[in-house]
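In what follows, a single structure is set out as structure tokens and then discussed.
Residue numbers (this note's numbering): 387 to 798.
Spelled out as structure tokens, the structure:
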């Protein structure tokens, strides 16, 4: 990243869409999965070569001579050759079709892995974005708390100097002020950690602090419960296990092809002679080869047994992932719904706590409330405000986790 770009991110807030665009361009995990998927598609095309004839050409030259009594004679000759060979396999025990199906199955695995990576990176980005927003808001809130604790300390100081408050209340107010300063310092330190996580996901190498916009798109759960079974069937995790079964089935067919005969046709046409073309002799050959496997030390037999066991294992994994996915989806959705409701509850608590704190401060100033009761209400306001910030972050992460469980996200 250039110095100019670094200054841009330091001065202009980064929107979520801009961060998303940077992820598509810079994220190493995403790039790796995309290239792996491309490679698997090329492998599918490569596996189809067995359906087509193989054509090759060759040019050759050889020099021969005779010798007598260890001395080379003056007779020697050179031979030129130019050949064109074509071969076509007609039957190989369905090995060619099995290899194509195996390659297609591996491509499905790579495609599912790409979907899973996109979903994971989307989750990482939203989590990092939420944590960065939380850290930034925490700094602002902690500074407000420091100011509030300082104002409260002054009120108690004045009442103590006028003889209307005891020293214990003054000392506690001083301790509360120092604690607020410490919390503010910790909040500023947490910004560095959240910034490092965000830059890692987005792919920004700048040392400057990246300002961000609080514009992360959110959705609200509907009143109707999702069809978890239908969702589970479309997740990349299930697609991976389903594709692995297909790969194992194709691998089994390919292994069994060793028990079948193989039939090949070949044709060669060429020119041979002591002089280079066109003063040569034409020659051509046509042939057919039928190969019958008789015995190879049990290789095909035991390979088939091994691949059959792998197929059973893949099918068992598929059955197991269905049950596991339902549990994962239900838990992720439950956490998502509860996080949304928890944020609304904490928002209501903050409003109530702020109103109570304003009333309590007025009462304490007028001598209508004890310090202990006032301090309890002040602490409740601070705690409820912190809980609100935490629930705001957790609500974003819970939605991202629900998307991840489905195999979807901002990159899909």
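Idealized CB from N, CA, C, for every residue including glycine.
Straight-line Cα distance separating residue j from residue i
i           : j           : result
residue 507 : residue 719 : 19 angstroms
residue 432 : residue 592 : 42 angstroms
residue 598 : residue 398 : 8 angstroms
residue 635 : residue 694 : 8 angstroms
residue 403 : residue 788 : 20 angstroms
residue 552 : residue 756 : 11 angstroms
residue 564 : residue 572 : 12 angstroms
residue 795 : residue 713 : 20 angstroms
residue 785 : residue 640 : 44 angstroms
residue 439 : residue 650 : 10 angstroms
residue 670 : residue 443 : 14 angstroms
residue 579 : residue 569 : 15 angstroms
residue 723 : residue 606 : 8 angstroms
residue 550 : residue 763 : 20 angstroms
residue 711 : residue 703 : 12 angstroms
residue 494 : residue 631 : 11 angstroms
residue 451 : residue 470 : 27 angstroms
residue 527 : residue 732 : 15 angstroms
residue 492 : residue 691 : 21 angstroms
residue 423 : residue 500 : 7 angstroms
residue 435 : residue 425 : 16 angstroms
residue 419 : residue 590 : 20 angstroms
residue 765 : residue 782 : 26 angstroms
residue 604 : residue 687 : 57 angstroms
residue 681 : residue 481 : 18 angstroms
residue 798 : residue 689 : 40 angstroms
residue 815 : residue 790 : Because the chain in this structure spans residues 387 to 798, residue 815 falls outside the shown range and cannot be described.
residue 555 : residue 737 : 27 angstroms
Span of the beta strand (DSSP E), counted from its first residue to its last, around residue i
i           : result
residue 652 : 648-659
Integer-rounded CB distance, given that residue j should sit under 8 angstroms from residue i
i           : j           : result
residue 466 : residue 447 : 5 angstroms
residue 601 : residue 401 : 6 angstroms
residue 479 : residue 646 : 3 angstroms
residue 656 : residue 679 : Residue 656 to residue 679, Cβ: 31 angstroms. No contact.
residue 715 : residue 618 : 6 angstroms
residue 612 : residue 793 : That belief does not hold up - the Cβ atoms of residue 612 and residue 793 are roughly 13 angstroms apart, past 8 angstroms.
residue 697 : residue 775 : With 8 angstroms as the limit, residue 697 and residue 775 do not qualify as a contact, their Cβ atoms being about 52 angstroms apart.
residue 415 : residue 503 : 6 angstroms
residue 535 : residue 566 : 4 angstroms
residue 515 : residue 405 : 7 angstroms
residue 587 : residue 726 : Actually they are not in contact, since the Cβ atoms of residue 587 and residue 726 sit about 24 angstroms apart, beyond 8 angstroms.
residue 708 : residue 624 : 7 angstroms
Run of the alpha helix (DSSP H) containing residue i, from where it starts to where it stops
i           : result
residue 622 : 622-642
residue 503 : 481-547
residue 558 : 553-588
residue 773 : 757-792
residue 609 : Here residue 609 belongs to no alpha helix (DSSP H), and DSSP marks it neither H nor E.
residue 736 : 685-751
residue 405 : 402-412
Residues that residue i bridges to, as DSSP identifies them
i           : result
residue 423 : Paired residues: none, contrary to the question.
residue 442 : 471
residue 669 : 656
residue 449 : 464
residue 429 : Note: residue 429 sits in no beta bridge, so no partner.
residue 477 : 649
residue 598 : 400
residue 676 : 649
Flag this pair as touching only if the region 500-520 and the region 538-557 have three or more C-beta atom pairs under 8 angstroms; answer yes or no.
Because the criterion of three Cβ pairs below 8 angstroms is not met, the region 500-520 and the region 538-557 do not touch.
I want to know whether the region 467-487 touches the region 762-771 - three or more CB-CB distances under 8 angstroms.
The region 467-487 is not in contact with the region 762-771.
For the structure I just gave you, are there three or more beta carbon pairs, one from the region 740-755 and one from the region 523-533, closer than 8 angstroms?
The answer is no - the region 523-533 does not touch the region 740-755, with fewer than three Cβ pairs under 8 angstroms.
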